[in-house]
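Using the numbering used here, the letters of the sequence shown map in sequence onto residues 1308 to 1635. Only one structure is covered here, and it is reproduced in the block below.
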Amino acid sequence: MKNGKLLEVKDLHKWFELRKFGFVRIGFVRAVDGVTFDLGEGEALAFVGESGCGKSTLARTVLGLYQPTKGEVIFQGQPLTKLGKEYRSQVGYVQQDPYGALPPFMTVRRILEEPLLINKVGHTREERLARIQEVLEEVKLTPVKDFLGKFPHMLSGGQQQRVVLARATILRPKLIVADEPVSMLDASVRVEILKLLRELQTAHDLGVIYITHDLSTIRYFSERIFVMYAAKFVEKAGVRELIHNPLHPYTRALLEAIPDPDPKNAETLKDVPPGEPPSLIRPPDGCRFHPRCASAIAGLCDKEVPPEFEPEPGHLVSCWLYRDGKAS
Ligand code: SF4
């Protein structure tokens, strides 16, 4: 961690109640089930995992949009519960669907002016316009005058996501949470948007949580990667270490699933784990990956939850294969 801690998340749980007929409780969906991590100032951290593994719920709980069921989120040394509205101006949110995230009947200028008005930034229209122009230049929507009066439907997907980035950064937050920010964009603009996010992060020393199901885009972005499966982290490592030396069988499967650009390998069938991710209402005992894992140890993996082992310095994995410090 290059600077001080920006965010600490301790043993975070977010369970949703399931009710029958609207009032009889029949169980819980354990969307986030005991997650701990911290993020340094100016650091980019990626969460990766299949759809439905709890990444987006984790992001929304960190943003303060959901109350944790258990555990704590601490921002710059203060529990979120004590920060209230002040926290909202310190955090920017970049959603997956830029068109859905932008109000359709507002111009770009109005969309960007709204957070300034709500947070009383800029005393006059001219001051607010100057700030809007500055942020549009930063996200490379230039010439700025061509974009100020446009509505979201008049922009391409990439331009819409630049407006979302401008709105997320206009208050100069300390933290950006980007939830699948490029998954709905054309392949040709994905890297451009990620590079732009990286530039903004570096220029303003932003902490960034980047959420994705696509490991192939992560190398452009984050310093550390945390792999999530069935509401828990299963592996945590630096980006190079994780990509070149994946330890958890699930991480290896995710890396295997990245499409191979070599046309010679286009017909090669990938060796992916069988089955589907487990139900988060009744997750399996022991390691949650054991029903799909070819390396599962009978009598252990299906009974005992693996703790976090550290076979390499800074490389943590929740898998019984590493109980002696290296793969057994
Ligand atoms: Fe597979 Fe067991 Fe490791 Fe889980 S703990 S990933 S089941 S080997």
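By construction, the Cβ of each residue, glycine as well, lies at the ideal position given by its N, Cα and C atoms. All values derive from a computational prediction rather than experimental measurement.
Of the residues assessed, D1340 falls on the buried side of the cut-off, its CB having 16 or more other CB atoms within 10 angstroms. Straight through space, the alpha carbons of L1365 and E1315 are spaced by roughly 13 Å. The C-beta distance from F1540 to V1342 rounds to 6 Å, short enough to meet the 8 Å contact threshold. The DSSP-derived three-state label of A1366 is helix. Cβ-Cβ separation between V1498 and Y1527: approximately 6 Å, consistent with a contact (criterion under 8 Å). Taken from the Cβ of S1602, at least one heavy atom of the ligand SF4 lies inside 7 Å. For G1456, DSSP assigns no beta-bridge partner whatsoever. For A1485, the closest of G1399, I1550, Q1385 and A1473 by C-alpha to C-alpha distance is G1399.
For V1471, the three-state secondary structure derived from DSSP is helix. Annotated three-state conformation of L1628 is helix, per DSSP. A check of alpha carbon separations from A1473 across L1462, I1604 and L1443 identifies L1443 as the nearest. For the options R1438, V1515 and D1318, the alpha carbon positioned closest to that of R1417 is the one of R1438.
DSSP places P1405 within a helical segment (H, G or I) once states are collapsed to three. Non-local C-beta neighbours of F1533 in its own chain, meaning closer than 6 Å and more than five positions away in sequence, comprise F1354, F1540 and K1543, ordered along the chain. Of A1351, G1465, Q1374 and F1328, the smallest CA-CA separation from T1509 is found for A1351. Per DSSP, the unbroken alpha helix (DSSP H) holding Y1394 starts and ends at K1392 to R1395. Taking 8 Å as the cut-off, the Cβ atoms of L1504 and V1515 count as close. Non-local beta-carbon contacts of R1326 in its own chain, meaning distances under 6 Å to residues more than five positions away in sequence, involve R1332 in chain order.
A distance of 8 Å or more separates the beta carbons of Y1557 and F1616. It is roughly 41 Å from the alpha-carbon of A1601 to the alpha-carbon of F1328. Judged by DSSP in its simplified three-state form, A1537 adopts coil rather than helix or strand. DSSP places T1519 in the uninterrupted beta strand (DSSP E) bounded by G1514 to T1519. DSSP places V1336 in the uninterrupted beta strand (DSSP E) bounded by V1331 to G1347. In this chain, the alpha helix (DSSP H) harbouring R1416 covers V1415 to I1425. As DSSP reads the structure, R1531 sits in a beta bridge with L1352 and G1545. Bounds of the alpha helix (DSSP H) holding E1563 are P1556 to E1563.
Membership of R1432 in the alpha helix (DSSP H) is indicated by the continuous run R1432 to E1445. Rounded to the nearest whole angstrom, the C-alpha separation of P1422 and P1553 is 42 Å. Taken from the Cβ of H1320, every heavy atom of the ligand SF4 lies 7 Å or farther away. As a beta-bridge residue in DSSP terms, Y1400 pairs with V1484.
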